[in-house]
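Notes follow once the structure below has been shown.
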Amino acid sequence: MQEPKAELRIGEIEFLELVVVDHRGLDIARAAHRHQAPPVRREKADLAKERARLAKDAAAIASELDKIAKKLGNEQFMAKAKPEAIEEQRERQAEHQATLAKLNAAIARIGA
1 MQEPKAELRI GEIEFLELVV VDHRGLDIAR AAHRHQAPPV RREKADLAKE RARLAKDAAA
61 IASELDKIAK KLGNEQFMAK AKPEAIEEQR ERQAEHQATL AKLNAAIARI GA
């Protein structure tokens with residue numbers, strides 16, 4: 001006997017009925033359940049607070065980028081550091097640049 005396939009998405013099922021059938025196609029058992037999905041809560045975001053939080057995060061990332069740029073611009077560091085340490089700083093710089101771009105895009109979406 002083949003297993004029935006089902007896809008469940010929470011909040012979309014209104015009524016579910018299970019029917020068990022024997023080999024002749026006769027109903028052996030039935031079970032039914034009516035489901036009322038809870039209402040979805042939609043809270044209004046405080047855009048000013050969210051914008052301030054994103055700006056604070058962006059400022060922190062920009063500060064880290066400045067530190068990394070100073071380190072990579074320091075001739076003594078570049079001369080003495082192991083290649084792995086330099087590569088690590090460059091990777092951190094790329095990650096922070098990507099994060100800063102995402103934060104700035106989020107700030108732009110919210111609006112000024």
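In terms of the numbering used here, the sequence shown has 38 at position 38, counting the first letter as 1, and numbering is strictly consecutive. Positions of the beta carbon are idealized from the N, C-alpha and C atoms, including for glycine.
| Asked | Found |
| --- | --- |
| Could you give the first and the last residue of the continuous alpha helix (DSSP H) run that contains LYS67? | 47-73 |
| So LYS82 is in the alpha helix (DSSP H); what residue range does that whole segment cover? | No alpha helix (DSSP H) holds LYS82; DSSP gives it neither H nor E. |
| So, is LEU47 buried or exposed, given that buried needs 16 or more other C-beta atoms within 10 angstroms? | exposed |
| What is the C-beta distance between ILE61 and LEU103, in whole angstroms, given that I count them as a contact (C-beta under 8 Å)? | 7 Å |
| What do you reckon, are the CB atoms on LYS71 and GLN89 nearer than 8 Å? | yes |
| For ARG51 and ILE110, which I take to be in contact (beta-carbon distance under 8 Å), what is that distance rounded to the nearest angstrom? | 5 Å |
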